[in-house]
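Visitor: Residue numbers (our numbering), protein chains in the order written: chain A, 1 to 136; chain B, 1001 to 1136; chain C, 2001 to 2136; chain D, 3001 to 3136. For glycine and all other residues, C-beta sits at the position ideal for the given N, C-alpha and C. Before I ask anything, here is the structure I am working with.
Protein chains: 4
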Amino acid sequence: MFITETQVRVRYAETDQMGVVYHSNYFPYFESARAESIRQLGFTYADMERMGVIMPVIEVQCRYLRPALYDDLLTVKTTLKELPVHHKIEFHHDVINEKQELLATGRIILYFMEAKTMKRTTMPPELLEKLQPYFT
Amino acid sequence: MFITETQVRVRYAETDQMGVVYHSNYFPYFESARAESIRQLGFTYADMERMGVIMPVIEVQCRYLRPALYDDLLTVKTTLKELPVHHKIEFHHDVINEKQELLATGRIILYFMEAKTMKRTTMPPELLEKLQPYFT
Amino acid sequence: MFITETQVRVRYAETDQMGVVYHSNYFPYFESARAESIRQLGFTYADMERMGVIMPVIEVQCRYLRPALYDDLLTVKTTLKELPVHHKIEFHHDVINEKQELLATGRIILYFMEAKTMKRTTMPPELLEKLQPYFT
Amino acid sequence: MFITETQVRVRYAETDQMGVVYHSNYFPYFESARAESIRQLGFTYADMERMGVIMPVIEVQCRYLRPALYDDLLTVKTTLKELPVHHKIEFHHDVINEKQELLATGRIILYFMEAKTMKRTTMPPELLEKLQPYFT
């Protein structure tokens, strides 16, 4: 497994009139956590797009257990349970607050696609070789 | 079943650099579709909050089949398959573009809660009696 | 002058924990009002992008007089005071609620630019000829 | 003067189909920079709200000189030029990328208001005494 942790501070813009983070605003947190996850391998999603591979989101799921509040410093724990062999990759995210309470859990499925042809492809070898050590 | 349709025009702000609507931006479309759904019954979610009942989102899921594009006039079809008897309500949403292509399907679970006590409650009778005719 | 009016319903996602529309969320309302403004002329901003002309925002200003609230049906009045002759165009927006209260006034300056070269250009003749009758 | 610097990483969600950060998404960057600015004084905006004082945004302005791009690590320089004596406070923000290019400059005016009465008030003494040393 490949597990990373990144932190995100809740912005006022992300709250709603219920006084909590609006439910869809967790997805940019997850996106940012995936980006930091890849960055910790010495690669970036931006690099991958420059190489012509994009990763559209195909399916998302999120369960909300406790509310995230304005100015909370959240930890997003990102887990890649399996090394993707085909065009599909699945990330799991746990959102934890400073009191160590689990606030939400998400699951995001993305595809590797060639930007030019919009055809499915596989993970670029540059990223694959950095991930492989975590799955042996 | 209670089924309604509402329309939403894609804003530039909702696109991302892939040239499509960013995945989390479908959830405000769903929220807006639920609000219009309730409005068509002669009630509003805003009324319900003024009565002291709030509806936090507990779980979401969305599958993305085809991209929504800038300026698309989307139809969001909202379905309530079962009349909620307890604190839980589940909506299904289908997003369809002007070519009648299905772009995405979502499922949203919300709870009825008393704003003051933050305890679970049931659907306000004012809304229940308007919904009941659709489920007999 | 060219003046149009369009309506926008406030989404829950656009409120913040102060119980009002977060200040930056007025800008997508303005964007949407500009798009509808052009559409009323029988042209669309999407058409313009397909013709290779983009309109980046160069400067914005907004004054907030009264809060917009969840579920408010806002009218955005969009005014083009002068027909642009060079690369610059300036829109004025007034946001009015159902009680006819003025909530906010905005001013947005955009440039016409060629997407390919990223050089400044002028308004496409297709749009200019539709606007000209309003300025004579 | 009181000057602070904070960093923000551009999210994919914040870009639009022009391939740049959508203009209104700079305002949450500014908001976050103001929050960090106050935090560096050993106080937080969240503390202030808990004390019953809120700070609605009254006016904003922003000029966009160069685009911010996905994954850019931006520095937001926040300047308080004058110590506010009445209900009004004005912040200046400069957004700079990793190449030290100035991307945007913003100016935000907020009021201090009592949440309960919605009447104008002045900066809480707890914050004032921390700021005063920078203005003598």
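Looking only at C-alpha atoms, which of C/L2102, C/E2101, C/L2080 and C/V2085 sits nearest to C/I2092?
Guide: On the third sequence, position 92 is the one that residue 2092 of chain C refers to. The sequence given here places His at residue 2092 of chain C; Ile does not occur at that position. The shortest Cα separation from C/H2092 among C/L2102, C/E2101, C/L2080 and C/V2085 belongs to C/L2080.
Visitor: Please classify A/D47: does DSSP put it in a helix, a strand, or coil?
Guide: Here the question's residue 47 of chain A lines up with position 47 in the first sequence. Residue state, collapsed to three classes: helix.
Visitor: I need the straight-line Cα distance from C/E2082 to C/I2003, nearest angstrom please.
Guide: Counting from 1 along the third sequence, the entry for residue 2082 of chain C is found at position 82. Counting from 1 along the third sequence, the entry for residue 2003 of chain C is found at position 3. The straight-line gap from Cα to Cα measures roughly 11 Å.
Visitor: Quick one: which residues of the stretch 103–116 of chain A get their C-beta closer than 9 Å to a C-beta of chain C? List them in chain order.
Guide: Those residues of the stretch 103–116 of chain A that come within reach of chain C (Cβ to Cβ, closer than 9 Å) do not exist; the list is empty.
Visitor: Please determine if the stretch 1042–1057 of chain B and the stretch 1110–1123 of chain B are in contact, where contact requires at least 3 C-beta pairs separated by less than 8 Å.
Guide: As far as the Cβ criterion goes, the stretch 1042–1057 of chain B touches the stretch 1110–1123 of chain B, which means the pair count is three or higher.
Visitor: Sort out for me which residues DSSP pairs B/I1096 with in a bridge.
Guide: One-based indexing of the second sequence puts residue 1096 of chain B at position 96. B/T1075 and B/L1102, per the DSSP bridge assignment.
Visitor: Going by other Cβ atoms of all chains shown within 10 Å of its Cβ, with 16 needed for buried, is A/Q132 buried or exposed?
Guide: Along the first sequence, read from residue 1 onward, the residue named residue 132 of chain A stands at position 132. Result: exposed.
Visitor: What are the residues in the stretch 54–84 of chain A lying within 7 Å of chain D by C-beta distance?
Guide: Within the stretch 54–84 of chain A, the residues whose Cβ lies closer than 7 Å to some Cβ of chain D are Y70 and D71, listed in chain order.
Visitor: Can B/F1030 and B/V1076 be called in contact, C-beta distance under 8 Å?
Guide: Mapped onto the second sequence, residue 1030 of chain B falls at position 30. Mapped onto the second sequence, residue 1076 of chain B falls at position 76. Contact: yes.
Visitor: When you compare the CB positions of A/L110 and A/F43, do they come within less than 8 Å of one another, or not?
Guide: Reading the first sequence from its first residue, position 110 is the one you call residue 110 of chain A. Reading the first sequence from its first residue, position 43 is the one you call residue 43 of chain A. No, they are not a contact pair.
Visitor: Determine whether the Cβ of D/G3042 lies closer than 8 Å to any Cβ atom of chain B.
Guide: Translated into the one-based positions of the fourth sequence, residue 3042 of chain D becomes position 42. For D/G3042, the answer is no, since every Cβ of chain B falls outside 8 Å of its Cβ.
Visitor: Tell me which residue opens and which closes the alpha helix (DSSP H) that B/R1063 is part of.
Guide: Here residue 1063 of chain B is taken as the residue at index 63 of the second sequence, counted from 1. Looking at the DSSP string, B/R1063 is not in any alpha helix (DSSP H); the run it does join, the beta strand (DSSP E), is V1057 to Y1064.
Visitor: Given a limit of 7 Å on CB to CB distance, which residues of the stretch 1007–1026 of chain B reach chain D?
Guide: Cβ contacts with chain D: Y1012, A1013, T1015, D1016, Q1017, G1019, Y1022 and S1024.
Visitor: Check C/Q2132 in the structure and name its three-state DSSP category.
Guide: Translated into positions along the third sequence, residue 2132 of chain C becomes position 132. Residue state, collapsed to three classes: helix.
Visitor: Contact between the stretch 3062–3073 of chain D and the stretch 3009–3020 of chain D: three or more CB pairs below 8 Å?
Guide: Contact holds: three or more Cβ-Cβ distances are below 8 Å.
Visitor: Taking the Cβ atom as the reference point for each residue, do C/N2097 and C/L2074 lie within a distance shorter than 8 Å?
Guide: Mapped onto the third sequence, residue 2097 of chain C falls at position 97. Mapped onto the third sequence, residue 2074 of chain C falls at position 74. A contact, by the Cβ cut-off of 8 Å.
Visitor: For A/R137, which beta-bridge partners are listed by DSSP?
Guide: Given a span of 1 to 136 for chain A in the structure shown, any question on residue 137 of chain A remains unanswerable.
Visitor: Starting from D/P3124, find everything on chain C with Cβ-Cβ shorter than 9 Å and list it in chain order.
Guide: Looking up residue 3124 of chain D in the fourth sequence gives position 124. The contacting residues do not exist; D/P3124 stays about 17 Å from chain C at best.
Visitor: Helix, strand or coil, according to DSSP, for D/E3114 in the structure here?
Guide: What you label residue 3114 of chain D is simply residue 114 of the fourth sequence in a count that begins at 1. Strand, per DSSP.
Visitor: Quick one: is C/P2028 near chain D, going by C-beta distance under 8 Å?
Guide: Counting from 1 along the third sequence, the entry for residue 2028 of chain C is found at position 28. Cβ-Cβ to chain D under 8 Å: yes for C/P2028.
Visitor: Give the straight-line distance between the Cα atoms of B/H1015 and D/P3125, rounded to the nearest whole angstrom.
Guide: Within the second sequence, numbered from 1, the residue matching residue 1015 of chain B stands at position 15. Within the fourth sequence, numbered from 1, the residue matching residue 3125 of chain D stands at position 125. Before going further, note that residue 1015 of chain B is Thr rather than His in the sequence given. The alpha-carbon atoms of B/T1015 and D/P3125 are separated by roughly 44 Å.
Visitor: Flag B/A1035 as yes if its beta-carbon sits less than 8 Å from any beta-carbon of chain C, otherwise no.
Guide: If you number the second sequence from 1, residue 1035 of chain B lands on position 35. Yes, its Cβ sits closer than 8 Å to a Cβ of chain C.
Visitor: Alpha carbon to alpha carbon, what distance is there between B/S1037 and C/D2094?
Guide: Position 94 of the third sequence, counting from 1, holds the residue named residue 2094 of chain C. Position 37 of the second sequence, counting from 1, holds the residue named residue 1037 of chain B. Roughly 29 Å separates the two Cα atoms.
Visitor: Using 10 angstroms around the beta-carbon of A/V85, count the other beta-carbons present and answer buried if the total reaches 16, otherwise exposed.
Guide: Numbered from 1 along the first sequence, position 85 holds the residue referred to as residue 85 of chain A. So A/V85 counts as exposed.
Visitor: Around the Cβ of C/E2059, are there at least 16 other Cβ atoms within 10 angstroms (buried) or fewer (exposed)?
Guide: Taking the first residue of the third sequence as 1, we reach residue 2059 of chain C at position 59. By the 10 Å Cβ count, C/E2059 comes out buried.
Visitor: Beta-carbon within less than 8 Å of A/L103's beta-carbon, same chain only, minus the 5 sequence neighbours each way: which residues are those?
Guide: Position 103 of the first sequence, counted from the first residue, corresponds to residue 103 of chain A. So the qualifying residues of the chain are Y64, L65, R66, P67, A68, L74, V95, I96 and N97.
Visitor: In the DSSP assignment, find the unbroken alpha helix (DSSP H) run with B/E1036 in it and report its ends.
Guide: Here residue 1036 of chain B refers to the residue found at position 36 of the second sequence. Residues Y1026 to R1039.
Visitor: Start and end of the beta strand (DSSP E) containing B/V1008?
Guide: What you label residue 1008 of chain B is simply residue 8 of the second sequence in a count that begins at 1. Its beta strand (DSSP E) spans residues F1002 to R1009.
Visitor: DSSP three-state call for B/L1083: helix, strand or coil?
Guide: Along the second sequence, one-based indexing puts residue 1083 of chain B at 83. It is coil, neither helix nor strand.
Visitor: Quick one: is A/M123 buried, meaning 16 or more other Cβ sit within 10 Å of its Cβ, or exposed?
Guide: Walking along the first sequence from the start, residue 123 of chain A turns up at place 123. Burial call: buried.
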